[in-house]
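Have a look at the structure below before the remarks.
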Amino acid sequence: MGVALFEKIQEIRAIYPEGTQSALLPALRLAQEEYGWLSPDALREVADALDVTPAVCKSVASFYDQFHLEPVGEHLVEVCTNVSCALYGAQQVLEAFQDELGCRAGETSDDGKVTLSTIECLGGCGWGTIVAVDHHYRTGVKPEDAAAIVKELS
Amino acid sequence: MSHKQVVMAGTDTRDLTKLAEYEAVGGYASLAKARTLGPEQITNELMASELRGRGGAFFPTGRKWSFVPSPEQNPNPHYLVINADESEPGSFKDNEIISRVPHRFIEGCLITAHAVLAKHVYVYIRGEYLGPYEILVAALEELKQRPDLRGDVTIVVHRGAGAYICGEETALLDSLEGKRGQPRTKPPFPAIAGLYASPTVVNNVETIATVPAIVEMGGAEYAKLGVPNSRGTRLISVSGHVERGGNYEVEPGISLKDLIFAPELGGGVPGGRAVKAVIPGGSSTVILTGDELDVGYDFDSLLAKNTAMGSAGVIVLDERVCMVQLGIRVSEFYEHESCGKCTPCREGTRWMTQILRKLEAGEATERELDLLLSVCDRINGKCLCPLGDTAAMAIASYVAKFRDEFVAHLDGGACPCGDHSPLDGVLAPVAQHIHDHASELVPA
Ligand SMILES: Cc1cc2nc3c(=O)[nH]c(=O)nc-3n(C[C@H](O)[C@H](O)[C@H](O)COP(=O)(O)O)c2cc1C
Ligand code: SF4
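Going down the list, the protein sequences come from chains A and B. Position one of the first sequence corresponds to residue 1 (the numbering used here), numbered consecutively onward. Position one of the second sequence corresponds to residue 1 (the numbering used here), numbered consecutively onward.
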């Protein structure tokens, strides 16, 4: 696994001018897709592949919301609760997911399957409530849709 | 009312995501025309069009391009960077542009690259936009088979990873260089020292998607659309308490009231409720009250009301919405998204949130309401980038325009909205993450 990731990162690195660190975000994304989260080992692998220190990787990764420095579930359900979605009832949608999954926002269901989270504006404000299910947007989500979405993921 | 379409032209009847379909409606003809023109001529057309940037700062596009030094002045490669970070609450137009007219956007990239002498284009797209990213990559795949269109220009799509501040152009450049996305001090401006310290033009998706039409029509013709200082068309994102949320391409100068109520636009407020307030240009803009809707939706008219089109995200709030709760939710957003570089913004946004929460709970005194305004005052004008300033101005505008409602919450007072406000108890990421911190203290 490690070798494949190393090679893939080199391919990405070749897209950007030599001597730059631009491949870091794409490389972190790749490592996260491989391991599910950015463990200290994963960060070290990215660091080796790009000739930077693990501290650089962690410092950059920790700036961005999409990078997970702690384990998450197999699936991610992110409910936008910014103003427009909240006006359509995002809080009720979030609560419906909490009930279905038996965990609070920011936590993972007991079976380790689904991590539930709130998220800032997803850029679908006219079509809310927006819920990103494994990063694919569902539009116009209502509380009563939560059960079916959770079932899809189990 | 019928509305002139420029950016979204043709989408009503055809699926323009496919190259063949786009070419069937005359797509990529502007690129061919542009290549017969010199870079300077194209920039002159842009100047004549009076196009201003659609990303929020409203800078004249032709003028921006004219700042790029000649290769003799600066031998470094020139870069064109497209800002597709769209994260301003209320804005979702670039999402629709990339998803529905990817080739028009790509054509704009290729024309602009020609005009600013760039061989390398980077499209920085927010990490959450997976759908639009996939559509854009598919469109670029089609382009690979067409060296006649592509020429010697490479277009790389670079995904962000979740940070609103990376929409600020210099933070975006740092992020694109693989760093934490924090704004740089200016000058130098990107045109002189941008990506990899080389001359760089940064433009918004909609700005670039407008370029093919300007080349086709000619700048002077384009400038006949709209009103002075706000030429052409704009995609306006309408959301919140309207029947028909969506993006509508209209000529600036249309009244805000029509945007909200016209049957082919916002379609009015559900349940016939009254409009209490409108956020006119994304949550970073000063709020308007329901009595201020008879205003033209254009730069000058909104400036006269001390507010702005910003990124053209219109959020409509009906009579049930508690303005203190709105303040909390907006402040929480900026607290979460502050990059932490300047103390007034990093600490001040947190203070704003905390005082507002106390107010909402009925536990604040008049002194704390004054403190809130004083915090806003201590942020505004004391920050490196506009994030802090606009957050403070937005919150201060809620207090200024709805002061009675804030006062009603003081000293154990109850919210005049009762418990009908749709923003009651909304959980924000910044509040959710509070209980995450404990685990960070445990060594791995
Ligand atoms: C906090 C902040 C966030 C911004 N977010 C965006 C954004 O998401 N998209 C965008 O195009 N411009 C954004 N801008 C404006 C950019 O800094 C820049 O002005 C713009 O990309 C230039 O392109 P334009 O001239 O075509 O508008 C933001 C500015 C600030 C201060
Ligand atoms: S104003 Fe805020 S977001 Fe902007 S540079 Fe300063 S701390 Fe960062």
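Just so you know, even glycine gets a beta-carbon here, dropped at the ideal spot from N, CA and C. No experiment lies behind these values; they were computed from the predicted model shown.
Contacts around residue i, its chain only, beta-carbon distance under 7 Å, and the 5 residues preceding and following it disregarded
| i | result |
| --- | --- |
| Cys385 (chain B) | Glu168 and Pro183 |
| Val3 (chain A) | none |
| Gln91 (chain A) | Thr81 |
| Arg34 (chain B) | Strictly speaking, residue 34 (chain B) in this sequence is Ala, with Arg absent from that position. Once the five neighbours on either side are set aside, the close Cβ partners of Ala34 (chain B) are Ile42, Ile111, His114 and Val215. |
| Arg378 (chain B) | Pro344 and Gly348 |
Where residue i meets chain B, residues with beta-carbon distance less than 7 Å
| i | result |
| --- | --- |
| Pro17 (chain A) | Tyr196 |
| Trp127 (chain A) | Gly245 |
| Phe63 (chain A) | Ala163, Arg180 and Gly181 |
| Cys121 (chain A) | Ser87 and Pro89 |
| Tyr137 (chain A) | Gly131 |
| Phe67 (chain A) | Ala161 |
Residue i - containing alpha helix (DSSP H), residue span
| i | result |
| --- | --- |
| Asn95 (chain B) | Lys93 to Arg100 |
| Asn44 (chain B) | Pro39 to Ser49 |
| His336 (chain B) | Met323 to Glu337 |
| Gly219 (chain B) | Gly219 to Tyr222 |
| Arg13 (chain A) | Gly2 to Ile15 |
| Arg469 (chain B) | Limits of chain B in this structure are 1 at one end and 444 at the other, which puts residue 469 (chain B) out of reach. |
| Arg35 (chain B) | Ala29 to Arg35 |
| Val93 (chain A) | Ala90 to Leu101 |
| Val202 (chain B) | Here Val202 (chain B) belongs to no alpha helix (DSSP H); instead the beta strand (DSSP E) covers Thr200 to Asn204. |
Buried versus exposed call for residue i [16 or more other C-beta atoms within 10 Å across all chains shown]
| i | result |
| --- | --- |
| Ile98 (chain B) | buried |
| Arg100 (chain B) | buried |
| His437 (chain B) | A caution first: His437 (chain B) carries a pLDDT of 47, below 50, which makes its placement in the model too unreliable to give a value. |
| Ala20 (chain B) | exposed |
| Arg13 (chain A) | buried |
| Val137 (chain B) | exposed |
| Leu441 (chain B) | In this predicted model, Leu441 (chain B) has a pLDDT of only 46, less than 50, meaning its place in the structure is not dependable; the value taken from the coordinates is given anyway. It counts as exposed. |
| Asn306 (chain B) | exposed |
| Arg29 (chain A) | buried |
| Leu46 (chain B) | buried |
| Gln73 (chain B) | exposed |
| Glu337 (chain B) | buried |
| Pro429 (chain B) | buried |
| Leu423 (chain B) | buried |
Under 8 Å by beta carbon: chain B residues contacting residue i
| i | result |
| --- | --- |
| Ala189 (chain A) | There is no way to answer for residue 189 (chain A), as the model of chain A reaches only from 1 to 154. |
| Ala54 (chain A) | Ala is not the amino acid found at residue 54 (chain A); the sequence shown has Pro there. In chain order: nothing, as chain B lies at least about 12 Å away. |
| Ala14 (chain A) | Those within 8 Å of Ala14 (chain A) in chain B number zero; the least Cβ separation is about 11 Å. |
| Arg29 (chain A) | Gly127, Arg159 and Ala161 |
Residue i (DSSP reduced to helix, strand or coil)
| i | result |
| --- | --- |
| Lys119 (chain B) | strand |
| Ala139 (chain B) | helix |
| Val68 (chain B) | coil |
| Glu249 (chain B) | strand |
| Tyr64 (chain A) | coil |
| Ile85 (chain B) | Checking the sequence, you will find Asp at residue 85 (chain B) rather than Ile. Coil at Asp85 (chain B), not helix or strand. |
| Thr115 (chain A) | strand |
| Thr390 (chain B) | helix |
| Val6 (chain B) | coil |
| Val131 (chain A) | strand |
| Ile287 (chain B) | coil |
| Leu30 (chain A) | helix |
| Gly53 (chain B) | coil |
| Pro60 (chain B) | strand |
For residue i, the first and last residue of its enclosing beta strand (DSSP E)
| i | result |
| --- | --- |
| Glu78 (chain A) | His75 to Cys80 |
| Ala348 (chain B) | Reading the sequence as shown, one finds Gly at residue 348 (chain B) and not Ala. It is not in any beta strand (DSSP E) - Gly348 (chain B) instead sits in the alpha helix (DSSP H) that spans Thr343 to Glu360. |
| Arg378 (chain B) | Run containing Arg378 (chain B): none in the beta strand (DSSP E); it sits in the alpha helix (DSSP H), Glu366 to Ile379. |
| Ile236 (chain B) | Arg234 to Gly240 |
| Lys276 (chain B) | Val275 to Ile279 |
| Asp318 (chain B) | Gly313 to Asp318 |
| Tyr137 (chain A) | His136 to Arg138 |
Beta-carbon proximity list for residue i, same chain, < 6 Å, skipping 5 on both sides
| i | result |
| --- | --- |
| Tyr22 (chain B) | Leu16 and His103 |
| Glu40 (chain B) | none |
| Glu78 (chain A) | Ser117, Ile119 and Ala132 |
| Ala444 (chain B) | Reliability fails at Ala444 (chain B), whose pLDDT of 41 lies under 50, so the model's placement of it is uncertain and the value that follows must be treated cautiously. Excluding positions up to five away in sequence, the list is empty. |
| Gly10 (chain B) | Leu16 and Val25 |
Amino acids of chain A, ordered along the chain, whose beta-carbon sits closer than 7 Å to that of residue i
| i | result |
| --- | --- |
| Phe333 (chain B) | Asn82 and Glu120 |
| Leu176 (chain B) | Ser22 |
| Ser237 (chain B) | Cys125 and Gly126 |
| Val156 (chain B) | Ile15 |
Near ligand 3: residue i beta-carbon under 7 Å from a heavy atom
| i | result |
| --- | --- |
| Cys85 (chain A) | Ligand 3 is absent from the structure shown, which contains only ligand 1 and ligand 2. |
Residues that residue i contacts on chain A, provided the C-beta gap is smaller than 8 Å
| i | result |
| --- | --- |
| Leu423 (chain B) | Val83, Ala86 and Leu87 |
| Pro429 (chain B) | Asp65, Thr81, Ser117, Thr118, Ile119 and Glu120 |
Within chain A, the residues that residue i reaches when beta carbons sit closer than 9 Å
| i | result |
| --- | --- |
| Arg329 (chain B) | Thr81, Asn82, Val83 and Ala86 |
Beta-carbon proximity list for residue i, same chain, < 8 Å, skipping 5 on both sides
| i | result |
| --- | --- |
| His158 (chain B) | Tyr122, Val123, Tyr124, Ile125 and Leu176 |
| Ser2 (chain B) | none |
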